[in-house]
Amino acid sequence: MANYTPEEIIALVDNHYDLTEPLRSRMDDDHKLYRLDEFDAGEGYQSYTSNEPQVYADKLIAWMTSAQMVVRIPYGNSDREQRDNNDAKEKFLIGLMKAADERMMMRMQPGIRQQLSWFITLRGWYAGRALLVKDDDGETYVDIQPWDPMHTYWGQGKNNLDWACYKSKKTPSEIKAAYGVDVGGEDADLDDDDAVDVYDFYDREDNIVCTDEMVLKKRTKHGGEQVPVFIGPVGSQPFVQTITDTGNQDTVEDFGESCYKSSRDLFEKHNFMMSVMLELTARSRRQGIKVKSRDGTKTLEEDPYKEGSEIALGQGEDIEPLGLLEMARESGAFMSMVSGEMQRGGLPHSVYGQLEFQLSGFAINTLRQGVETVLVPRLSALERAYMSIFKMLSDQYITGAFKSIEVSGQDKNRMYFSEEVSPDTVRNAGDSEVKFIGQLPQDDMSRMSMAQIAREGATPLLPDRFIRDEILGMQSADQLDDSINAQMAERMLPEAALWTMYKSAVQEGREDVAIFYEQEIRRILLEKGMQQPQPPPPQGMPQGMPQGMPMMGPPPMGPPMGPPNGMPMGPPGLPPEVMPNAGLGIPPVAPTAPVGPAVPPGTPRPGAQSSASRLANLGLIPSAPGG
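Structure (structure tokens):
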């Protein structure tokens, strides 16, 4: 691998700039459209500058940043261990992006997706650097920095990049803060108002940062097995060349187009027509006048359009308006044609809320197809950028240079996670996929309908796990299966539902209500003859409920705890005959005889007692010797 010197790096960048100058010039012109640089209608004429380019681009960027991100590793025919590894890797990647966004926030920059969406929309390209880095304490953090494609330079190798460089301008103080190097010394003749070209250069092994005159960061290993830079164009158009009368013409400026691809020239026509209308409107306020006099030298000392003005006229003198100018009859038709072409090349006005009538379902679908023509290529570019980032970070993580990383975040199912993921887990997981779904509400309904059809009938077309994984695109389908099974158990078993209500009461500190649920659970279990001890509850469960089933003792005495006539029957899915009175808002019936030994004064409240003590106090197990 060649060790590029600063002089060689600058030569590579300059040469690539010469090859791609038309592309970068187009990017600059598009940015002027977005900034709403003022349209010039000519000296002495009113000028109008439409906000259409900016509103149009911002709409696309908003859709891209609000699209639902789905990170998935398809289950396929993998076993449970493999699926667990896949789920862990999904969380690993989501957690890394969350951590990267948090670093961006601390540096007062937009998030990763926000920046990439802006570049994809306005530049027609995406670029950036993705690294796992160890700090001075040996802790690992993720360092992702989107680059402006207009200032990104690269050299393509046989299969991937040979090198990449980001050229930016920094003040001496910024360089001092970032690299600890003073470039504004006495001999440099620089102050903090001057900007210096900084070259951040990466090859397959190393990273070096330099200026035209000095090295800011010495050559260091970046830790990746390839250039840790991702670059790509928007759209499906490949790099092509055309043949003209003057020979082969390079069309690099069309390679990777911005959102203004189809409407770039129309904005100028629109501004011109609107400027003409503005000019005519302004003239209607102060139309020209004709002054008559005998010798033709008469002038007006006062503004005739000013309220209360008085103009003295001599014999033979007169003032007449010149009349208003009108636009040609074809002007309205021309403006409609320009507006229609702008909408066909961009977004229809209806997506901005400009609806003159209710749209039918067919019209909505047609509208969506038009929107997708513009949106889908940019979402696809965003997906490619994220897949490149995920692959780079995963490949770096499994090199053996990093310890396990703890990640946190929310998955697609809005489930929060926080767990430690090891390099071995990532190594043994499958390849990740990422989708950004800019969807309408009917999209969810359509997928749900497909899922319902796939599992209907005595013999479903597809298994539930496949439906959740492939049709619905859910993450961690196994976890959802476990949650659904637990929910079904609560609906089928009264004691399971009561147990859930019991835990909730304990967590809320309603120990008086918890006692009622506890007694009802015991009654149901005793009626079913479940006299054998059961395994203790999982760690973290409330301790008020006994860890085993009662071994002895009579069931609670007194009338059964059912709702009186006319009372509600309890929540859906729970048989009323097993629903505790407390759950129905009815105080429990006092027992006719005490259950177990009397509890002496000073006995700790139920929530503070151990399981054995509570069972002994209730008379369900013998007291401990000496108790």
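Residue numbers (numbering that gives the first Met the number 0): 0 to 626.
Think of the CB as a built atom: it goes at the ideal place given N, C-alpha and C, for glycine as much as any other residue.
These figures come from a predicted structure and were not determined experimentally.
| Check | Outcome |
| --- | --- |
| From the DSSP output, in three-state form, read off Arg128 for me. | strand |
| So does the stretch 96 to 104 actually touch the stretch 116 to 123, counting three or more Cβ pairs closer than 8 Å? | no |
| Tell me the rounded alpha-carbon separation between Phe271 and Gly179. | 52 Å |
| So for Gly118, helix, strand or coil by DSSP? | Reading the sequence as shown, one finds Phe at residue 118 and not Gly. Phe118 falls in the helix class under three-state DSSP. |
| Does the pairing of the stretch 318 to 327 with the stretch 281 to 300 give three or more beta-carbon distances under 8 Å? | yes |
| Going by other Cβ atoms of all chains shown within 10 Å of its Cβ, with 16 needed for buried, is Lys458 buried or exposed? | At residue 458 the sequence reads Thr, which differs from the Lys that was named. Classification for Thr458: exposed. |
| Is Leu279 near Met334, with beta carbons less than 9 Å apart? | no |
| Spell out the partners DSSP gives Leu160 in its beta bridges. | Gln155 |
| I'd like to know whether the C-beta atoms of Asp202 and Trp162 end up nearer to each other than 9 Å. | yes |
| Smallest Cα separation from Trp62: which of Tyr415, Gly429, Leu346? | Leu346 |
| What whole-angstrom Cβ distance do Leu392 and Ala129 have, given they're in contact under 8 Å? | 6 Å |
| Output needed for Lys97: all residues of its chain with C-beta closer than 6 Å, excluding positions within five of it in sequence on either side, in chain order. | Gly408 |
| Comparing C-alpha positions only, which one of Val275, Lys390, Asp199, Ala281 sits nearest to Ala177? | Asp199 |
| Between the stretch 55 to 73 and the stretch 84 to 96, do at least 3 Cβ pairs fall closer than 8 Å? | yes |
| Between the C-alpha atoms of Thr219 and Met447, what's the straight-line distance to the nearest angstrom? | 52 Å |
| Under 9 Å, do Gly222 and Gln45 count as touching if we go by C-beta distance? | no |
| Is Tyr304 closer than 9 Å to Arg284 when the C-beta atoms are compared? | yes |
| Report the rounded CA-to-CA distance for Arg509 versus Arg521, giving the unit in angstroms. | 19 Å |
| Residue ranges of each alpha helix (DSSP H) run of no fewer than 4 residues wholly in the stretch 34 to 91, ordered along the chain? | 51 to 65 |
| Let me confirm a value: Tyr385 is counted as buried when at least 16 other C-beta atoms fall within 10 Å, else exposed. Which label applies? | buried |
| Pull up the distance between the alpha-carbon of Arg426 and that of Ile483, whole angstroms please. | 30 Å |
| Classify Phe401 as buried or exposed, calling it buried when 16 or more other Cβ atoms lie within 10 Å of its own Cβ. | buried |
| Start and end of the alpha helix (DSSP H) containing Arg662? | This structure cannot settle anything about residue 662, because the visible part of the chain is limited to 0 through 626. |
| Do you know whose CA, among Phe266, Cys209, Lys157, lies nearest Glu6's CA? | Cys209 |
| Just grab the DSSP bridge partners of Val406 for me. | Glu418 |
| Give the range of the alpha helix (DSSP H) segment to which Gln342 is assigned. | 329 to 344 |
| Could you pull the start and end residues of the beta strand (DSSP E) that Tyr140 belongs to? | 139 to 145 |
| Within 10 angstroms of its Cβ, does Lys31 collect 16 or more other Cβ (buried), or is it exposed? | exposed |
| Let me confirm a value: Met578 is counted as buried when at least 16 other C-beta atoms fall within 10 Å, else exposed. Which label applies? | Summary for Met578: the model assigns pLDDT 48, below 50, so the residue's position carries little reliability; its value from the coordinates is reported in the next sentence. Label assigned to Met578: buried. |
| Per DSSP, what are the beta-bridge partners of Asp202 in this structure? | Trp162 |
| Which partner residues of Ser261 appear in the DSSP bridge assignment? | Ser261 pairs with nothing; no bridge assigned. |
| List the DSSP bridge partners of Val214. | Cys209 |
| Please name the residue, chosen from Tyr16, Tyr55, Arg82, Glu42, that lies closest to Phe465 on a Cα-to-Cα basis. | Arg82 |
| Just verifying my parser: in three-state terms, what is the DSSP assignment at Val195? | strand |
| List the whole-angstrom C-beta distance separating Phe38 from Ser261, where the pair is believed to meet the contact cut-off of C-beta under 8 Å. | Contact flag wrong, Cβ pair sits at about 19 Å. |
| Taking buried to mean at least 16 other C-beta atoms within 10 Å of its own C-beta, is Thr424 buried or exposed? | buried |
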